[in-house]
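Below: the structure, in structure tokens.
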Amino acid sequence: MGTVSLAEIADVGRDRVRGGYSRHLFEPADLELREWFVDRAIRTGLDVETDRNGNLWAWWGEPGPDAVVTGSHLDSVPGGGAFDGPLGVVSALDAVARLKTSGFVPSRPVAVVVFAEEEGSRFGVACLGSRLLTGAIDPDAARRLTDTHGVTLAEAASAAGLDPAHLGPDPEALSRMGVFVELHVEQGRGLVDLGAPVGLASSILAHGRWRITVTGQGNHAGATTMAERRDPVVAAARTIVAVHDAALASPGSRATVGRIAVVPGGTNVIASSATAWLDARAATNASTLALVDDVRRRAEAAVADSGCTVTVVLESWSDLVEFDPALSAGLAGTLGGVPLLASGAGHDAGVLAARVPSAMLFVRNPTGVSHSPEEFAETADCAAGVDALERLLRSLL
Ligand code: GLV
Ligand code: MN
Ligand code: MN
Ligand code: MN
Numbered sequence: 001m002g003t004v005s006l007a008e009i010a011d012v013g014r015d016r017v018r019g020g021y022s023r024h025l026f027e028p029a030d031l032e033l034r035e036w037f038v039d040r041a042i043r044t045g046l047d048v049e050t051d052r053n054g055n056l057w058a059w060w061g062e063p064g065p066d067a068v069v070t071g072s073h074l075d076s077v078p079g080g081g082a083f084d085g086p087l088g089v090v091s092a093l094d095a096v097a098r099l100k101t102s103g104f105v106p107s108r109p110v111a112v113v114v115f116a117e118e119e120g121s122r123f124g125v126a127c128l129g130s131r132l133l134t135g136a137i138d139p140d141a142a143r144r145l146t147d148t149h150g151v152t153l154a155e156a157a158s159a160a161g162l163d164p165a166h167l168g169p170d171p172e173a174l175s176r177m178g179v180f181v182e183l184h185v186e187q188g189r190g191l192v193d194l195g196a197p198v199g200l201a202s203s204i205l206a207h208g209r210w211r212i213t214v215t216g217q218g219n220h221a222g223a224t225t226m227a228e229r230r231d232p233v234v235a236a237a238r239t240i241v242a243v244h245d246a247a248l249a250s251p252g253s254r255a256t257v258g259r260i261a262v263v264p265g266g267t268n269v270i271a272s273s274a275t276a277w278l279d280a281r282a283a284t285n286a287s288t289l290a291l292v293d294d295v296r297r298r299a300e301a302a303v304a305d306s307g308c309t310v311t312v313v314l315e316s317w318s319d320l321v322e323f324d325p326a327l328s329a330g331l332a333g334t335l336g337g338v339p340l341l342a343s344g345a346g347h348d349a350g351v352l353a354a355r356v357p358s359a360m361l362f363v364r365n366p367t368g369v370s371h372s373p374e375e376f377a378e379t380a381d382c383a384a385g386v387d388a389l390e391r392l393l394r395s396l397l
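Last residue of the sequence shown? That's 397 in UniProt numbering, and every number before it is there in order.
Dropping the structure here:
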């Protein structure tokens, strides 16, 4: 069986332009990682199945009810790090391999899961695989999601061998999950500051994504005087500053525009529209929605004199998650009292938590940086993560 390690997939999906990794759902790098997972799981003595939504499940024992499930995702943000997602999958396979090698006999079925499109980098909705599984997204709306090339999720799923008509809630797969534990690299400095290699999650900020579209008048860059212009790029720039100001005015909240698109996008063309995608997060559902209301007001003021119009449309939403305190406290006790940390990042475990007792195990990230090639975890801390996960699985089995 051998130790399962991130080195096995280190060359898959490297992004030569942005640095780091770009591994997007059903694109070649993601397909290669999925093949790697199937092969690695089979070599670990597990039985692999793909569910109706493209999530992969590797079973130790008969798939059945009340299973202990662990895993994470293999896709990445554009130019992402090596750890966000894959560390949880590799550690899950390694912990299960170690249990098997030790002769441990589980009292419940065990599965390692890979959720599809956790980052939402291709189709725009984070945790797409777990949302589909749990019914947290309307399947018709999901089928219509479109990537930047105009390919719909239905088309991409079909090309990957899934039946798009079957995308959607999967009560059978869900009913097998007795408990879910997701190991993940920490994405901030919590464990660094506490001097601890591993910790457990207490909560996830409420968060969502909105599409801010500023519409103006496409025109000629040379023939149009400055006074005549209705330039949506200028109005969008003011709107982006307004997003930042709104978050600064709401202590503890976070608002980001990390992606913009200009149509049609020519150097000598005054654009006809500009879209900025907003990621907004805060401590409660209400404070996150209030932040976005403030963004909307500020955006309307920012474009008021530009001759442009602005719309702010919700693309996806995740409620505040408070992980089952009894489960997390019990698991923390099993590990001899590790810290509990709030997460600013979203995770499939957060989506699952609404339906299945769920917990998260974090591994220290010395850079405190994530969604960037600088994301890191020391080999010794990754090993501590696998040790901890193995102990948690033993305690749950
Ligand atoms: C996922 O990583 C997110 O929180 O954006
Ligand atoms: Mn991520
Ligand atoms: Mn992740
Ligand atoms: Mn995430």
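Cβ atoms here follow ideal geometry from the backbone N, Cα and C, with glycine treated the same way.
Nearest-angstrom beta carbon gap, residue j and residue i [assumed within contact, 8 Å]
| i | j | result |
| --- | --- | --- |
| D51 | A173 | 5 Å |
| V96 | V110 | 6 Å |
| T256 | D293 | Incorrect: roughly 17 Å between the Cβ atoms, too far for contact. |
| A92 | G64 | Contact flag wrong, Cβ pair sits at about 18 Å. |
| S358 | F180 | 4 Å |
| R211 | V303 | With 8 Å as the limit, R211 and V303 do not qualify as a contact, their Cβ atoms being about 15 Å apart. |
| G88 | E182 | 6 Å |
| V4 | E32 | In fact, because the Cβ distance is near 16 Å, the residues do not count as touching under 8 Å. |
CA nearest to the CA of residue i, picked from the options
| i | options | result |
| --- | --- | --- |
| W277 | D305, I240 and V269 | I240 |
| L393 | A160, P106 and T225 | P106 |
| E375 | P171, H184, H207 and R143 | H184 |
| A360 | V351, T367, G368 and G218 | The residue asked about is misnamed: residue 360 is Met in this sequence, not Ala. It is V351 whose Cα lies nearest to the Cα of M360. |
| D324 | V295, L200, V38 and V113 | L200 |
| A349 | H73, E8 and E35 | H73 |
| V112 | A388, A160, N219 and V48 | V48 |
| G346 | P28, V77 and E378 | V77 |
| L191 | V4, A247, A377 and E8 | A377 |
| L133 | T148, A141, A329 and P171 | P171 |
| D387 | G265, L99 and R209 | L99 |
| E62 | R176, S121, N53 and S250 | R176 |
| R391 | F104, T44 and D15 | F104 |
| V38 | E27, A58, A154 and G265 | A58 |
| V338 | R355, E315, L314 and R364 | R364 |
| L6 | T379, A249 and E315 | T379 |
| D66 | C382, R355 and F362 | R355 |
| R34 | R189, R14, A223 and I9 | I9 |
| P139 | T224, L56, A154 and R18 | A154 |
| T284 | P169, V17, P251 and F362 | P251 |
| residue 406 | A301, A249 and F83 | For the chain, the structure presents residues 1 to 397; residue 406 sits outside this window and is missing. |
| A332 | L389, N219 and H244 | L389 |
| G216 | T275, A165, L248 and S158 | T275 |
| N219 | S102, A249, N268 and L194 | N268 |
According to DSSP, residues forming a beta bridge with residue i
| i | result |
| --- | --- |
| D47 | W59 |
| T146 | T152 |
| A274 | V214 and V262 |
| L99 | In DSSP, L99 forms no bridge with anything. |
| L361 | L183 and L200 |
| F115 | H73 |
| V269 | H220 |
| R209 | D279 and S316 |
| residue 406 | The structure shown does not extend to residue 406, since the chain is modelled only from 1 through 397, so no value can be given for it. |
| R296 | Its beta-bridge partners do not exist; DSSP assigns none. |
| T134 | T134 pairs with nothing; no bridge assigned. |
| S343 | I204 |
| T311 | T213 |
Short Cβ contact (7 Å threshold) for residue i with residue j
| i | j | result |
| --- | --- | --- |
| G20 | G85 | no |
| I270 | A221 | yes |
| G307 | R230 | yes |
| D75 | R23 | yes |
| A342 | S253 | no |
| H207 | R259 | no |
| A353 | V321 | yes |
| L167 | R143 | yes |
| S370 | Q187 | yes |
| T334 | S273 | no |
| L25 | E117 | yes |
| V233 | V262 | yes |
| L46 | W60 | yes |
| V214 | V312 | no |
| V68 | R108 | yes |
| L205 | G336 | no |
| A384 | A299 | no |
| D163 | R122 | no |
| N53 | G135 | no |
| E315 | G124 | yes |
| V295 | A246 | yes |
| G368 | R189 | yes |
Q) In chain order, what residues place their C-beta within less than 6 Å of a heavy atom belonging to ligand 6? A) As for ligand 6, it is missing from this structure, which binds only ligand 1, ligand 2, ligand 3 and ligand 4.
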